[in-house]
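Read through the structure below, which is laid out as structure tokens, and then see the notes.
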Amino acid sequence: MTDEIRLRFAPSPTGYFHVGGARTALYNWLVAKKSGGQFILRIDDTDEQRNKDEWTDGILAALGWLEITFDEGPYFQSQRKSLYSETARRLFESGLAYFCSCTREEIDERARLRGGRPGYDGFCRDRGLQPKEGYALRFKVPDGETIVDDQVRGRVVFSNSTIEDFILLKGNGAALYVLANFVDDVDLRITHVIRAEEHLPTTPKAVLLYQALGLRPPVFAHLPVLVNEKRVKLSKRRDRVAVEDFRDQGFLPEAMVNYLALLGWSPGDDVEFLSREEMLDRFDLSRVSKAPAFFDVVKMTHFNKHYIMIMELDRFVEESVRFLESEDFWTGDEAQRAKLTEVAPFVKERIALLSEVVPMVDFLFADLKELGLPIGPFSDSDQVILSRYVDRVERLQEFRKDDLESEFRELGEELSISLRKLQAPIRLAVTGRKVGPPLFVAMEVLGRDTSIRRIKGALGQRV
RNA sequence: GGCCCCAUCGUCUAGAGGCCCAGGACAUCACCCUCUCAAGGUGGAGACACGGGUUCGAAUCCCGUUGGGGCUGCCA
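Written out as structure tokens, the structure is:
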């Protein structure tokens, strides 16, 4: 029982769930799962002003999408308040904490007079104040030093003189992060705390609390922060970091997870594509790097492309439908799905984001005009190509891609023109675009009538 | 300002004293392949922040400098 490994992910629901949180959750999950331990979800919503249920729903949805599953929870700190006041009372009664009547203004004023150094000066330490509405409860930081033994950073020593008597309970009696976090970690028997580096400076406070109550602190591991191109911590306000946005853009969860796993961790060899099983097998906190890492969407896109390419065809079709459904032309009927399935293998290996499916296949489902696609321009030589090609394919018994291609190649020889140049006007006439699936596949799926109609239509469109 | 963390190609990283005139991946450039776009293949350019030590020998250890970051709230 005491040997049981238990980790938790404790996000605060103050905004969209972002990639940094996802990475933290993933690392916790990995350590829990590979050690046969438990992974617990706890919602740190002690700050009622800034928390909203919808953010919690978003976190749950995103974790589910990424398949980061939890064994217990979610627990909500907002529902565990009595636990915090109970511990606070014990701390106060045993003289480890005291009440303080100072306002922010008073503290700042004294700091100013003292000579600039901001922070609380311990003014109420020995005043023997009793609990009262409006009084905050502060922890009496002892002399000496506090050591944080960190799995990724090693031994970090803090001189207690640099740690002010921090607040445990607000004036309204509500618990603050350090207290609530500590109480819950103890109560939930958390053995490993893995979180972002920004929490490192508050860690000695937690350690002090464990020591004050004669408890053994958990193992700590502080992950390097994720930064933007300016190398400052990723922020929900400045940067595009919401997991759900990436999902909506057509990123695959396995691509995100794989990329995130490698952002700050490396298996040690040159392998980059790792399945869940391989990650579980190889993940090791001691191989987590210490330096901040740039969240590079371009590289994540590369992972996405890879995972789209190796995806099962059926799933690819289903995922594609998600993006087609928001288009007017998509009815989702049998015929449309059949066409989609036919071109899918060719589309699958050409896109990096699922959202790119739409411009790859839209010409199959609606008139080019309706799609706002150009019909032309076609030069005189294009006209020659189009008319000669349509003459040829009109005579075809079967409108099959192989025959369409044979005719195409023969025409190329006949006109002594490179196939690259030859395909351009035909593709534009048939699909309205310069890029897309292989032309003859496109034509076969589109069908004889529409294909020929579009080419003939283009013939009437001189520059 | 104070406390703390960090420092290898543009980016993510490998490297735990000699295997490194530093390897891989993304991005980038060139060429090949090719019906477009992709994919694939070949090749190129591209980094140990700086200065001192320690050592026969340092990207790797120590110190300093510089640079970057985090925290500094009755937020988490």
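Heads up: the first sequence begins at -16 in our numbering, then just goes up one per residue. By construction, the Cβ of each residue, glycine as well, lies at the ideal position given by its N, Cα and C atoms.
The straight-line gap separating the alpha-carbon atoms of alanine 5 and leucine 49 is approximately 8 angstroms. Taking C-beta atoms as the reference points, leucine 13 and phenylalanine -8 fail to come closer than 8 angstroms. Contiguous beta strand (DSSP E) elements confined to the region 23 to 96 occur at 55 to 59 and 80 to 83, taking only those with 3 or more residues. If only complete runs of 4 or more residues are kept, the region 210 to 249 shows the alpha helix (DSSP H) at 226 to 232 and 236 to 245, in order along the chain. One alpha carbon belongs to phenylalanine 59, the other to glutamate 37, and they sit about 14 angstroms apart. The beta strand (DSSP E) runs lying completely inside the region 117 to 155 and spanning 3 residues or more are 119 to 122, 128 to 133, 137 to 142 and 150 to 152, given in chain order. With 16 or more other Cβ atoms from the protein chains shown falling within 10 Å of its own Cβ, phenylalanine 82 counts as buried. Per DSSP, the beta-bridge partners of alanine 276 are Leu209.
When C-beta atoms of the region 190 to 200 are compared with those of the region 153 to 165, three or more pairs fall below 8 angstroms, so the two segments count as touching.
In terms of Cα proximity to valine 418, the closest of Arg110, Arg333, Arg63 and Lys17 is Arg333. Within the region 246 to 323, the runs of alpha helix (DSSP H) at least 4 residues long that lie entirely inside it are, in chain order, 259 to 265, 280 to 292 and 296 to 307. Here isoleucine 409 carries a helix assignment [DSSP, helix/strand/coil].
Taking a contact as a CB-CB distance under 8 angstroms, the pair serine 272 and glycine 251 does not count as one, their CB atoms being some 12 angstroms apart. With a beta-carbon spacing of about 6 angstroms, glutamate 427 and phenylalanine 382 fall inside the 8 angstroms limit used to define contacts. Annotation: the continuous alpha helix (DSSP H) that includes alanine 8 extends over 2 to 17. Of the residues Gln32, Ser364 and Asp345, the one whose Cα lies closest to the Cα of glycine 355 is Asp345. If you ignore the 5 residues before and after aspartate 222, its C-beta comes within less than 7 angstroms of the C-beta of Asn211, all in its own chain and listed in chain order. Histidine 1 has its alpha-carbon roughly 41 angstroms from the corresponding atom of glutamate 76.
Note: leucine -10 is bridge-paired with Phe22 and His175 in the DSSP secondary-structure output. Nearest neighbour of glycine 137 by Cα position, chosen from Cys107, His205 and Asp91, turns out to be His205. Excluding the 5 residues flanking it on each side, valine 326 has same chain C-beta neighbours closer than 8 angstroms at Met343, Val344, Leu347, Pro420, Val424, Ala425 and Val428, in chain order.
According to the DSSP assignment, leucine 429 belongs to the alpha helix (DSSP H) that extends over 422 to 429. Three or more beta-carbon pairs separated by less than 8 angstroms are not found between the region 315 to 330 and the region 264 to 280, which leaves the two stretches without contact. Between phenylalanine 256 and histidine 289, the C-beta spacing is below 8 angstroms. In the DSSP assignment, isoleucine 368 falls within the alpha helix (DSSP H) that extends over 363 to 377.
In the DSSP assignment, glutamine 194 falls within the unbroken alpha helix (DSSP H) covering 186 to 195.
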